[in-house]
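>
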Amino acid sequence: MTNPAGSTATAPSPPPPHAASPPTPLCADCSPTPPPEKSSRIRHTTYAPPAALAAFVIARDITCRFPTCTRPSCEADIDHKIPYHDGGTTGAANTWALHRTHHLDRTHHGHTIHTGPDGHTSWTTPAGFTYPIDPEAVGPMHTT
Numbered sequence: 001m002t003n004p005a006g007s008t009a010t011a012p013s014p015p016p017p018h019a020a021s022p023p024t025p026l027c028a029d030c031s032p033t034p035p036p037e038k039s040s041r042i043r044h045t046t047y048a049p050p051a052a053l054a055a056f057v058i059a060r061d062i063t064c065r066f067p068t069c070t071r072p073s074c075e076a077d078i079d080h081k082i083p084y085h086d087g088g089t090t091g092a093a094n095t096w097a098l099h100r101t102h103h104l105d106r107t108h109h110g111h112t113i114h115t116g117p118d119g120h121t122s123w124t125t126p127a128g129f130t131y132p133i134d135p136e137a138v139g140p141m142h143t144t
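Mapping of the sequence shown onto UniProt numbering: position 3 corresponds to residue 3, and the numbering continues sequentially without gaps.
#1: Out of curiosity, what's the CA-to-CA distance linking Thr101 and Thr112?
#2: In terms of residue numbering, what span does the alpha helix (DSSP H) encompassing His108 cover?
#3: Could you have a look at Tyr47 and say whether DSSP puts it in helix, strand or coil?
#4: Quick check: Asp86 and His103, are their CB atoms within less than 7 Å of each other?
#5: DSSP on Met86, reduced to helix/strand/coil?
#6: With the cut-off set at 7 Å, would you say Ala97 and Cys64 are in Cβ contact?
#7: Consult DSSP for Ile58 and reduce its assignment to one of helix, strand or coil.
#8: From the DSSP output, in three-state form, read off Ala76 for me.
#9: In terms of DSSP beta bridges, what is Pro132 paired with?
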């Protein structure tokens, strides 16, 4: 983790949870089904993701994408990285799974994000601390 000056720093814990209603799971058993072909390239004109896109995001993300959160993606909201009202699309490249509390933190408390083309994301808190996170590994895992 780095602070705004670029040096290594110890950051405070993530902000405390907000009082919010529990998230509605997007899948009943948290076992994502394989996404339909090409769903990762389709963009939709609606705010709410269609079921096929939600299933794709759940299967791809595996867990909430907030740093240090390990809650399953099927218990999360599907969030727009670039807000829909700011021109963000409802498609796989602009959506991800965020647990309700983390979704509200990002939306209302000044966390900023940057996601590179390789899926690596960095979260910056309102205090200027940056948390890098790696994408979930997808596919066969090989050990040597």
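C-beta atoms are modelled at their ideal positions from N, C-alpha and C, and glycine is treated no differently.
Short version:
#1: Counting from 1 along the sequence shown, the entry for residue 101 is found at position 101. Counting from 1 along the sequence shown, the entry for residue 112 is found at position 112. Approximately 15 Å between the Cα atoms of the pair.
#2: To locate residue 108, count along the sequence shown from 1; it is residue 108. Looking at the DSSP string, the run of the alpha helix (DSSP H) that includes His108 is Arg100 to His108.
#3: On the sequence shown, residue 47 is found 47 positions in, with the first residue counted as 1. In the structure shown, Tyr47 sits in coil (DSSP, three-state: anything other than H, G, I, E or B).
#4: Reading the sequence shown from its first residue, position 86 is the one you call residue 86. Reading the sequence shown from its first residue, position 103 is the one you call residue 103. No, the Cβ-Cβ distance between Asp86 and His103 is not below 7 Å.
#5: One-based indexing of the sequence shown puts residue 86 at position 86. As written in the sequence, residue 86 is Asp, which differs from the Met given in the question. Helix, per DSSP.
#6: The residue you call residue 97 lines up with position 97 of the sequence shown. The residue you call residue 64 lines up with position 64 of the sequence shown. Yes, these two residues count as a Cβ contact at 7 Å.
#7: Along the sequence shown, read from residue 1 onward, the residue named residue 58 stands at position 58. Three-state DSSP puts Ile58 in a helix.
#8: Counting from one through the sequence shown, the residue named residue 76 turns up at place 76. Three-state result, Ala76: coil.
#9: Reading the sequence shown from its first residue, position 132 is the one you call residue 132. DSSP lists Ser122 as partners of Pro132.
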